[in-house]
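Scroll down for the structure; my scribbles are underneath it.
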Amino acid sequence: MSERLVVIGGDAAGMSAASQARRLKKPEELEIVAFERGTFTSFSACGIPYWVGGDVEERDDLIARTPEAHRERAIDVRMRTEVVEIDARQRRVRSRDLASGTEEWTTYDKLVIATGARPVRPDLPGIDAPGVHGVQTLDDGQALIDTLTKTKGRRAVVIGAGYIGVEMAEALLHRGYEVTVVNRGQEPMSTLDPDMGRLVHEAMTGMGITMVNDAEVTKILTGDDGRARAVATDDREFPADVVVLGIGVRPETALARDAGLPLGEHGGLLTDLGMRVRGPVADGAIWAGGDCVEVLNLVSGREQHIALGTHANKHGQVIGSNVGGGYATFPGVVGTAVSKVCDLEIARTGLREKDARAAGLQYVAVTIESTSRAGYYPGAALMTVKMLAERRTGRLLGTQIVGREGAGKRVDVAAVALTARMTVEQMTALDLGYAPPFSPVWDPVLVAARKAVTAVRSGGA
Ligand SMILES: Cc1cc2nc3c(=O)[nH]c(=O)nc-3n(C[C@H](O)[C@H](O)[C@H](O)COP(=O)(O)OP(=O)(O)OC[C@H]3O[C@@H](n4cnc5c(N)ncnc54)[C@H](O)[C@@H]3O)c2cc1C
Numbered sequence: 013m014s015e016r017l018v019v020i021g022g023d024a025a026g027m028s029a030a031s032q033a034r035r036l037k038k039p040e041e042l043e044i045v046a047f048e049r050g051t052f053t054s055f056s057a058c059g060i061p062y063w064v065g066g067d068v069e070e071r072d073d074l075i076a077r078t079p080e081a082h083r084e085r086a087i088d089v090r091m092r093t094e095v096v097e098i099d100a101r102q103r104r105v106r107s108r109d110l111a112s113g114t115e116e117w118t119t120y121d122k123l124v125i126a127t128g129a130r131p132v133r134p135d136l137p138g139i140d141a142p143g144v145h146g147v148q149t150l151d152d153g154q155a156l157i158d159t160l161t162k163t164k165g166r167r168a169v170v171i172g173a174g175y176i177g178v179e180m181a182e183a184l185l186h187r188g189y190e191v192t193v194v195n196r197g198q199e200p201m202s203t204l205d206p207d208m209g210r211l212v213h214e215a216m217t218g219m220g221i222t223m224v225n226d227a228e229v230t231k232i233l234t235g236d237d238g239r240a241r242a243v244a245t246d247d248r249e250f251p252a253d254v255v256v257l258g259i260g261v262r263p264e265t266a267l268a269r270d271a272g273l274p275l276g277e278h279g280g281l282l283t284d285l286g287m288r289v290r291g292p293v294a295d296g297a298i299w300a301g302g303d304c305v306e307v308l309n310l311v312s313g314r315e316q317h318i319a320l321g322t323h324a325n326k327h328g329q330v331i332g333s334n335v336g337g338g339y340a341t342f343p344g345v346v347g348t349a350v351s352k353v354c355d356l357e358i359a360r361t362g363l364r365e366k367d368a369r370a371a372g373l374q375y376v377a378v379t380i381e382s383t384s385r386a387g388y389y390p391g392a393a394l395m396t397v398k399m400l401a402e403r404r405t406g407r408l409l410g411t412q413i414v415g416r417e418g419a420g421k422r423v424d425v426a427a428v429a430l431t432a433r434m435t436v437e438q439m440t441a442l443d444l445g446y447a448p449p450f451s452p453v454w455d456p457v458l459v460a461a462r463k464a465v466t467a468v469r470s471g472g473a
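Structure (structure tokens):
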């Protein structure tokens, strides 16, 4: 007898789950219905900064699979249709067609919640004025591009200096804007320790971007035409023809909460290792993945909310395997992320100093400077690597890298070492590739590991 799988959310996690389930089960074995309240499926929000900045020409380049392509694979995608209620007891969802307002119930045997995350949009005066843009969806990206194309202005303010904020600063710079980044934190990129964030601050300043730290935005000032004209903090005003919000996201879990499903301390759904939602209400029939769940940090042992497409795709794959009758698990993350502003690459994995302290870990922290290639080889560029290791055991706890070309993806070596629970001493013996165009004879990550070994041996600073 055929079962029905219902998926809520038509992007990375949801459609990866649906596609993987379809690979494993024929349409006569498993009917798949996916609800998406937006206008696109399987799109790359990650590419929006590069589309806005002009590196990617066409919006459609960011779409991996359209609703029609999913339908051809027997996935019944219902666009512009929002799920407004989950009735877990009767295993059904209530959906609303956003054009007609018509509502209906759809029963499920298995349900996947992949509702993603909601951008933080503080309730400030002027926040909804024309000229103020989020960058969460392709529609948001298009609206921003329309504003940039149609208005004659040349000044842009980005609120927030996380990775989306700094990537948008680059995009606006590429479009010829004078860019100011207003940031509540001590330094940009709060996913780094402040000493590494300072390097990002200095590099961005060097690119001609005005960086404002420790600043709380109080309102968006509007002109006579009602459009945004400046961003105000307690004591200053920053003129703006366009304002971009990059203040972070929260798990989109109101539906799940109202259904009585378990949420963690960061507001994300709680699942087991197979991405099945925990607890009696889910009754073993509900899975969740992507930006709406919390994940286990394998280094700290704590649950965290990390909104990244890399996890969402993997979650979807795991869920699809499990609902399709296979077996897969998602063991957790080590907290790896990479981004860039113009030619500055920024990477991190594992714990920052404050994470290590919060987890009750004692650690040593070292910082080194090295180059991306042999010093004598053309194009060798400086990079800074910071490494944390556990005191006494020498276990690697985290790595942060800021530098030019070739810096960012070096963090993957540290991510693998963290996953394998290697010590910094073991890392020093890693057989990494070497030739002058690719690295100095001691790769910068190994130089940092060697310095960390010395610090661990001396008992920690
Ligand atoms: C500008 C930007 C740059 C990024 N860059 C990177 C990057 O470089 N690397 C990286 O790893 N990640 C990046 N990300 C994050 C990445 O895009 C997300 O982590 C990923 O999209 C999460 O996928 P998801 O399927 O969990 O959620 P989403 O992509 O948010 O999809 C959830 C979908 O569910 C739909 N939905 C929600 N509620 C309902 C409902 N009740 N009924 C019907 N539909 C519903 C939404 O409309 C949405 O389409 C970036 C994000 C942004 C915004």
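Our numbering numbers the first residue of the sequence shown as 13 and each following residue consecutively. Just so it is clear, CB atoms sit at the ideal spot from N, CA and C, and this is done for glycine as well.
Segment limits, beta strand (DSSP E) that includes residue i
i, result
"M180", "First-last for M180: 175-186, but that is the alpha helix (DSSP H), not the beta strand (DSSP E)."
"S351", "349-353"
"L356", "356-362"
"R262", "261-263"
"V191", "190-194"
"E80", "Counting along the chain, E80 falls outside any beta strand (DSSP E), though it belongs to the alpha helix (DSSP H) covering 79-84."
"E15", "15-20"
"P251", "249-251"
"A242", "240-245"
"I221", "Premise fails: I221 is in no beta strand (DSSP E) and is neither H nor E."
"A46", "42-48"
"L233", "229-234"
"L257", "254-257"
Range of the contiguous alpha helix (DSSP H) that encloses residue i
i, result
"T440", "436-440"
"Y62", "60-64"
"M208", "206-218"
"A461", "456-469"
"D88", "Segment 87-91 is the beta strand (DSSP E) holding D88; no alpha helix (DSSP H) there."
"L430", "423-431"
"L36", "24-36"
Integer Cβ distance of residue i from residue j, believed to fall under 8 Å
i, j, result
"L285", "T341", "4 Å"
"A76", "G321", "That pair is no contact at about 11 Å."
"G65", "E182", "6 Å"
"H317", "P263", "6 Å"
"V89", "I20", "Their Cβ separation, rounded to whole angstroms, is 12 Å, which puts V89 and I20 out of contact at 8 Å."
"L185", "V178", "At roughly 11 Å, the Cβ-Cβ gap does not stay under 8 Å, so L185 and V178 are not in contact."
"A33", "G302", "The pair is not a contact, with the Cβ atoms about 15 Å apart (cut-off 8 Å)."
"L308", "I125", "Not confirmed; about 18 Å, so no contact."
"V376", "A460", "With a Cβ gap of about 11 Å, V376 and A460 do not count as contacting."
"G410", "D253", "Actually they are not in contact, since the Cβ atoms of G410 and D253 sit about 40 Å apart, beyond 8 Å."
"R106", "E97", "4 Å"
"V425", "M395", "The pair is not a contact, with the Cβ atoms about 13 Å apart (cut-off 8 Å)."
"V468", "V436", "7 Å"
"G336", "L36", "3 Å"
Burial state of residue i, where buried means 16 or more other Cβ atoms lie within 10 Å
i, result
"D205", "buried"
"W63", "buried"
"G153", "buried"
"T265", "buried"
"S351", "buried"
"Y490", "The structure shown does not extend to residue 490, since the chain is modelled only from 13 to 473, so the question has no answer here."
"S312", "buried"
"G128", "buried"
"Y339", "exposed"
"G67", "The question names Gly, yet the displayed sequence has Asp at residue 67. Exposed, because fewer than 16 other Cβ atoms sit within 10 Å of the Cβ of D67."
"K366", "exposed"
"W299", "buried"
"Y189", "buried"
"T495", "Beyond the ends of the chain as shown, which are 13 and 473, falls residue 495; an answer cannot be given."
"L430", "buried"
"A432", "exposed"
"R383", "Looking at the sequence itself, residue 383 is Thr, so the reference to Arg does not match. Buried, because 16 or more other Cβ atoms sit within 10 Å of the Cβ of T383."
"P200", "buried"
"R404", "exposed"
"K421", "exposed"
"K463", "buried"
"Y120", "buried"
"G209", "buried"
"D455", "buried"
"P329", "The amino acid at residue 329 is misidentified as Pro; the sequence shows Gln. Buried, by the Cβ-count rule."
beta-carbon residue i near ligand 2 non-hydrogen atom, thresh 7 Å
i, result
"D303", "No copy of ligand 2 occurs in the structure displayed; its ligands are ligand 1 alone."
Quiz item: What are the start and end residues of each continuous alpha helix (DSSP H) run of 4 or more residues lying completely inside the stretch 270-346, in chain order?
Solution: Every alpha helix (DSSP H) stretch that sits fully inside the stretch 270-346 and reaches 4 residues is listed by chain position as 321-335.
Quiz item: Can you list the alpha helix (DSSP H) stretches of 4 or more residues lying completely in the stretch 94-178, in chain order?
Solution: 150-162
Practice problem: Identify every run of the beta strand (DSSP E) within the stretch 366-416, keeping only runs that are complete inside it and at least 3 residues long; order them along the chain. | Solution: 375-383, 394-402, 408-415
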